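Engineer: Heads up: the sequence lines are chains A and B, in that order. Letter by letter, the first sequence follows residues 1 to 132 of the numbering used here. Letter by letter, the second sequence follows residues 133 to 264 of the numbering used here. Each residue gets a CB set at the ideal place from its N, CA and C atoms; glycine is no exception. The structure displayed is predicted, hence computed values, not measured ones.
There are 2 protein chains.
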Amino acid sequence: MRTLKYSRQRESIKNCLMNRTDHPTADALYLSIREEFPNISLGTVYRNLNLLVELGEIIKFTCGDGSEHFDFTTDQHYHFVCRTCGKIIDLPVSMVRSTSDFFTEEMPGHAETHALFFYGECNHCMESKLES
Amino acid sequence: MRTLKYSRQRESIKNCLMNRTDHPTADALYLSIREEFPNISLGTVYRNLNLLVELGEIIKFTCGDGSEHFDFTTDQHYHFVCRTCGKIIDLPVSMVRSTSDFFTEEMPGHAETHALFFYGECNHCMESKLES
DNA sequence: ATTATAACAGTAACAATTATCGTTATTATA
DNA sequence: TATAATAACGATAATTGTTACTGTTATAAT
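(1) Using DSSP bridges, identify the partner residues of Tyr251 (chain B).
(2) Report the rounded CA-to-CA distance for Ala160 (chain B) versus Val177 (chain B), giving the unit in angstroms.
(3) Which residues bound the beta strand (DSSP E) around Leu55 (chain A)?
(4) Does any residue of chain B have a CB that is nearer than 9 Å to the CB of Asp22 (chain A)?
(5) Starting from the beta carbon of Met258 (chain B), find every residue of chain A whose beta carbon is closer than 8 Å, and list them in chain order.
(6) Residues of chain B with CB closer than 8 Å to the CB of Phe70 (chain A), please, in chain order.
(7) CB Val213 (chain B) to CB Tyr251 (chain B), shorter than 9 Å?
(8) Let me know the secondary structure DSSP gives Val93 (chain A) once reduced to three states.
(9) Could you tell me the distance, in whole angstroms, from the CA atom of Phe61 (chain A) to the CA atom of Tyr138 (chain B)?
(10) With DSSP as the reference, label Thr176 (chain B) as helix, strand or coil.
(11) What do you reckon, are the CB atoms on Ile88 (chain A) and Gly241 (chain B) nearer than 9 Å?
(12) With distances taken between CB atoms, is the gap from Ser100 (chain A) to Ala111 (chain A) smaller than 9 Å?
(13) Beta-carbon of Thr157 (chain B) versus every beta-carbon of chain A: anything under 9 Å?
(14) Hey, quick one: how far does the beta strand (DSSP E) through Glu200 (chain B) stretch, first residue to last?
(15) Check the Cβ of Ile190 (chain B) against every Cβ in chain A and list those closer than 7 Å, keeping chain order.
(16) Could you round the C-beta distance between Tyr30 (chain A) and Leu42 (chain A) to whole angstroms and report it? I think they count as a contact, below 8 Å.
(17) Measure the C-alpha to C-alpha separation of Phe235 (chain B) and Leu262 (chain B) and round it to an integer number of angstroms.
(18) Using a C-beta cutoff of 9 Å, does Pro141 (chain A) count as contacting chain B?
(19) List, in order along the chain, the chain B residues whose C-beta lies closer than 8 Å to that of His114 (chain A)?
(20) Does DSSP classify Phe234 (chain B) as helix, strand or coil?
(21) So Arg146 (chain A) contacts chain B; which residues on that side make the cut at Cβ distance below 8 Å?
(22) From Arg83 (chain A) to Ser264 (chain B), what does the alpha carbon distance come to, in whole angstroms?
(23) List the residues of chain A that Asn255 (chain B) touches, going by C-beta distances under 9 Å, in chain order.
Encoded structure:
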């Protein structure tokens, strides 16, 4: 079995992700982390993000914009995607029901997890549209 | 304004997608259509699929496997993704409780559309696991 | 028939991600 | 504490899915 070894880069990636409320892509994180580690490699960012996903410490998802997003919040929750500014907002856990609670009829299989995305315009974008 | 012109390739792409219950990627469709048009270009498949999406005749979605899938069914419905065989099964909205029922709290914006995916194992895969 | 142009096939370009490779840093063991 | 084993590194090449470009062909309007 493989034994993990500490790395300052991984620590930094994890911390960086923890302190952000957006849901950055690997590349967005890479840009941030380069401030602390100017010569970190993009490959290292990808490698560690995927490792953290495997370990269950973070989650990864795609919302249809062509790239993967990473989220430090691992417990079940949903996302609101603003099509105007691109922001991805976490929807509070209080809204969440268990997977089986969704079904009214018999399913074509056993669903372990589910993902729910809302697409529209966030309050901030709607307000700034009124102002102009 | 641009006026559409008929093309046998587009017709074939549309028919092919209409006659499939899976939700093929552009590449999967390309392989099928080459049986009828041996020298069709993958670019033509992409171009026409995106055009059909623009026209609202088909829809496009990603379920997290890194590529876009195309669906002839345009009315609102959900998807069940089997993680064992990769099959994507359409779920009529009637099968799932109205999503708005779950949201007691205020949303952080105005949601125009939403997408809901279930991930697990389909009945077929569960059965073949029992047999072996 | 002629002309305009949408669509084509082929291919190059692109963006996101993963794999490779020689080197460095971390941890286990002597 | 020195040494050995190897996880992780940075740099870069390769891969994958998709889009854009280019010269040619097919469709439909005049």
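Structural biologist: Reading from the atomic positions:
(1) Counting from one through the second sequence, the residue named residue 251 (chain B) turns up at place 119. A:Thr113, B:Val213.
(2) Here residue 160 (chain B) corresponds to residue number 28 of the second sequence, with the count starting at 1. Here residue 177 (chain B) corresponds to residue number 45 of the second sequence, with the count starting at 1. Distance between the alpha carbons of Ala160 (chain B) and Val177 (chain B) is about 10 Å.
(3) Taking the first sequence and counting its residues from 1, one reaches residue 55 (chain A) at position 55. Looking at the DSSP string, Leu55 (chain A) is not in any beta strand (DSSP E), and its letter there is neither H nor E.
(4) Along the first sequence, one-based indexing puts residue 22 (chain A) at 22. Closer than 9 Å: no.
(5) Stepping through the second sequence from its first residue, residue 258 (chain B) is reached at position 126. Within chain A, the residues near Met258 (chain B) are Gly109, His110.
(6) Your numbering for residue 70 (chain A) matches position 70 in the first sequence. Result: empty, since nearest Cβ-Cβ is about 13 Å, beyond 8 Å.
(7) On the second sequence, position 81 is the one that residue 213 (chain B) refers to. On the second sequence, position 119 is the one that residue 251 (chain B) refers to. Against a cut-off of 9 Å, the Cβ pair of Tyr251 (chain B) and Val213 (chain B) comes out as a contact.
(8) As a first step, residue 93 (chain A) is located in the first sequence; it is residue number 93 there, counting from the start. DSSP places Val93 (chain A) in helix when its eight states are reduced to three.
(9) Walking along the first sequence from the start, residue 61 (chain A) turns up at place 61. Walking along the second sequence from the start, residue 138 (chain B) turns up at place 6. Approximately 38 Å between the Cα atoms of the pair.
(10) As a working mapping, residue 176 (chain B) is identified with position 44 in the second sequence. It is helical.
(11) Locating residue 88 (chain A) in the first sequence gives position 88, where the first residue counts as 1. Locating residue 241 (chain B) in the second sequence gives position 109, where the first residue counts as 1. No; because the gap between Cβ atoms is not below 9 Å, this pair is not in contact.
(12) As a first step, residue 100 (chain A) is located in the first sequence; it is residue number 100 there, counting from the start. As a first step, residue 111 (chain A) is located in the first sequence; it is residue number 111 there, counting from the start. Yes, Cβ-Cβ distance for Ser100 (chain A) and Ala111 (chain A) is below 9 Å.
(13) As a working note, residue 157 (chain B) is residue 25 in the second sequence. Thr157 (chain B) does not count as touching chain A.
(14) Here residue 200 (chain B) refers to the residue found at position 68 of the second sequence. Residues 200-203.
(15) Within the second sequence, residue 190 (chain B) is the residue found at index 58, counting from 1. Those within 7 Å of Ile190 (chain B) in chain A number zero; the least Cβ separation is about 15 Å.
(16) In the first sequence, the residue the question calls residue 30 (chain A) occupies position 30. In the first sequence, the residue the question calls residue 42 (chain A) occupies position 42. Rounded, the Cβ-Cβ distance is 5 Å, consistent with contact.
(17) Numbered from its first residue, the second sequence carries residue 235 (chain B) at position 103. Numbered from its first residue, the second sequence carries residue 262 (chain B) at position 130. Computed Cα separation, rounded: 38 Å.
(18) Within the shown structure, residues of chain A are numbered from 1 to 132, placing residue 141 (chain A) beyond reach of any answer.
(19) The residue labelled residue 114 (chain A) in the question sits at position 114 within the first sequence. Under the 8 Å cutoff, chain B gives Leu248, Phe249, Phe250, Tyr251.
(20) Here the question's residue 234 (chain B) lines up with position 102 in the second sequence. Of the three classes helix, strand and coil, the one that applies to Phe234 (chain B) here is helix, per DSSP.
(21) Outside the modelled stretch of chain A, which goes from 1 to 132, sits residue 146 (chain A), for which no answer is possible.
(22) Within the first sequence, the letter at position 83 stands for residue 83 (chain A). Within the second sequence, the letter at position 132 stands for residue 264 (chain B). C-alpha separation (whole angstroms): 47 Å.
(23) Locating residue 255 (chain B) in the second sequence gives position 123, counting from the first residue. Near Asn255 (chain B) (Cβ distances below 9 Å), the residues of chain A are Met107, Pro108, Gly109, His110.
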